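Comments concern the structure below.
In the numbering used here, the protein residues as written are 71 to 195.
Set out below in structure tokens:
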């Protein structure tokens, strides 16, 4: 489940590096990942249904495990599809893309701006 959220954010960052706007990149990244996330969640939840509906010896234990798996998949899928993009939008809206930040840092270092940890003394070249 965490991997899906990371992939949404990573796709959004790649699209931002390509020059897309923040909101457009986030919408497209979530759209790209929607189908694989839903397919995985549905198949995993469907796999838990036989556990939930089981009968015979140990049925109570299997049903409890099945309910936990089914509920967990539904909850983590909802979290991945709704909370992760909203949180990313709130936290990263005012930032540049990671590639943009890297390019600015490389330009600053190439321009001879100096070492940010040990600045040049006054009058030194």
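Heads up, the beta-carbon is just placed ideally off N, CA and C, and yes, glycines get one too.
Quantities reported herein were computed from a predicted structural model and do not represent experimental measurements.
- Query: Assuming residue 158 and residue 108 make a contact with CB atoms under 8 Å, what is their CB distance in whole Å?
  - Reply: Incorrect: roughly 19 Å between the Cβ atoms, too far for contact.
Quick check for students: name the residue ranges of the beta strand (DSSP E) that lie wholly in the stretch 143–176, counting only runs of 3 or more.
none
Item to check | Check whether residue 132 and residue 124 have beta carbons under 8 Å apart | outcome: yes
- request: Could you spell out where the alpha helix (DSSP H) holding residue 117 opens and where it closes?
  value: 92–122
DSSP-derived helix/strand/coil call for residue 128 = coil
- prompt: The alpha helix (DSSP H) with residue 75 in it runs from where to where?
  reply: 72–87
query = residue 141 by DSSP, collapsed to three states: which one?
reply = helix
- Message: In whole angstroms, give me the CA-to-CA distance for residue 136 and residue 177.
- Response: 55 Å
Q) When the distance is taken between beta carbons, is residue 111 closer than 8 Å to residue 143? A) yes
Beta-carbon contacts of residue 167 that lie in its chain and below 7 Å, excluding the five residues immediately before and after
83, 86 and 87
Name the residue from 164, 179, 151 and 169 whose alpha carbon lies nearest to the alpha carbon of residue 102.
151
Quiz item: For residue 160, which option in 89, 93, 73 and 72 has the closest C-alpha, if you only look at C-alpha atoms?
Solution: 93
Original post:
In or out: residue 75 buried (at least 16 other Cβ within 10 Å) or exposed?
Top reply: buried
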